[in-house]
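K.L.:
Quick one: the structure is below, and I'll ask about it shortly.
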Amino acid sequence: MNLIFLGPPGAGKGTVASKLKDILGLPHISTGDLFRAAIKNETDLGKKVKLIIEKGELVPDQLTVELVKERLSKDDTAKGYILDGFPRTITQAEALETFTKIDSVINLEIEKEKVIKRLSGRRLCKECGEGYHIEYMPPKKTNTCDKCGGELYTRKDDNIESISNRLEIYTKETQPLINFYTEKNLIKNFDSSLAADKVVENVANFTKSL
Ligand SMILES: [Zn+2]
């Protein structure tokens, strides 16, 4: 079962995908992890990726496709995989079709207001990095880490303007992909404003029909 995951920032895509990985017994493949691993292992592709990232440039489609293709040729993908963060462009999606067959595109949907509420409420500990949420996972003492007593702070890009901006970029980037896979009858939408476990359950139930 070959799955692609799509979802805006704040939809909990990484959490849902990694829980499904265990339930379905499929590898969770994210391009971010692939880049990091290739750089760390100093593969030929990794060296190229490192140079590009160091220059602050975007990794070109062709290179990303090569990395994904190489990853999908490994034995652990024999029963399928969960792709996260790939494809990002139509060029990548078309390239993907030349070496694998996608069974479904899991599209996590969540309203902008709910994303803003989720992300703008996040707090991190300055000392130990522990994460909190002022509404969903508040610390016992206001603005203070339960674990180490450190002061909590808000990530610079977790403000409303920056979140709106990220959502806008995501929508602009992803809508062509959604259209591409809708035409192929591969898109399946899920309400991602629910609790992560519920979203995982809904997606897992759906995959039984594949
Ligand atoms: Zn702390």
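With the sequence shown counted from 1, adding 1324 to any position gets you our numbering.
Just so it is clear, CB atoms sit at the ideal spot from N, CA and C, and this is done for glycine as well.
1. Closer than 7 Å to a non-hydrogen atom of ligand 1 - does that hold for the CB of Lys1364?
2. Go to Val1373, then tell me how far its alpha helix (DSSP H) extends in each direction, as first and last residue.
3. Taking 8 Å as the cut-off, does the segment 1405-1420 touch the segment 1436-1446 (at least 3 CB pairs, one atom from each stretch)?
4. I need the DSSP call for Glu1381, collapsed to helix, strand or coil.
5. Please state if the CB of Ile1363 and the CB of Ala1528 are separated by a distance shorter than 8 Å.
6. Quick check on Gly1409: buried or exposed, where buried means 16 or more other Cβ atoms within 10 Å of its Cβ?
7. What number of angstroms, rounded off, separates the C-alpha of Pro1411 from the C-alpha of Asn1326?
8. Given that a residue counts as buried once 16 or more other Cβ atoms are within 10 Å of its Cβ, and exposed if not, what is Ser1488?
P.N.:
Walking through what the data contain:
1. As a working note, residue 1364 is residue 40 in the sequence shown. It does not: the Cβ of Lys1364 is nowhere closer than 7 Å to a heavy atom of ligand 1.
2. If you number the sequence shown from 1, residue 1373 lands on position 49. From DSSP, the alpha helix (DSSP H) with Val1373 extends over Asp1368 to Glu1378.
3. Touching, no, given that fewer than three Cβ pairs across the two stretches are closer than 8 Å.
4. Within the sequence shown, the letter at position 57 stands for residue 1381. Glu1381 sits in coil when the DSSP states are folded into three classes, being neither helix nor strand.
5. Counting from 1 along the sequence shown, the entry for residue 1528 is found at position 204. Counting from 1 along the sequence shown, the entry for residue 1363 is found at position 39. Going by C-beta atoms, Ala1528 is not nearer than 8 Å to Ile1363.
6. If you number the sequence shown from 1, residue 1409 lands on position 85. By the 10 Å Cβ count, Gly1409 comes out buried.
7. To locate residue 1411, count along the sequence shown from 1; it is residue 87. To locate residue 1326, count along the sequence shown from 1; it is residue 2. Taking the straight line joining both Cα atoms gives about 13 Å.
8. Numbered from its first residue, the sequence shown carries residue 1488 at position 164. When all chains shown are included, Ser1488 counts as exposed.
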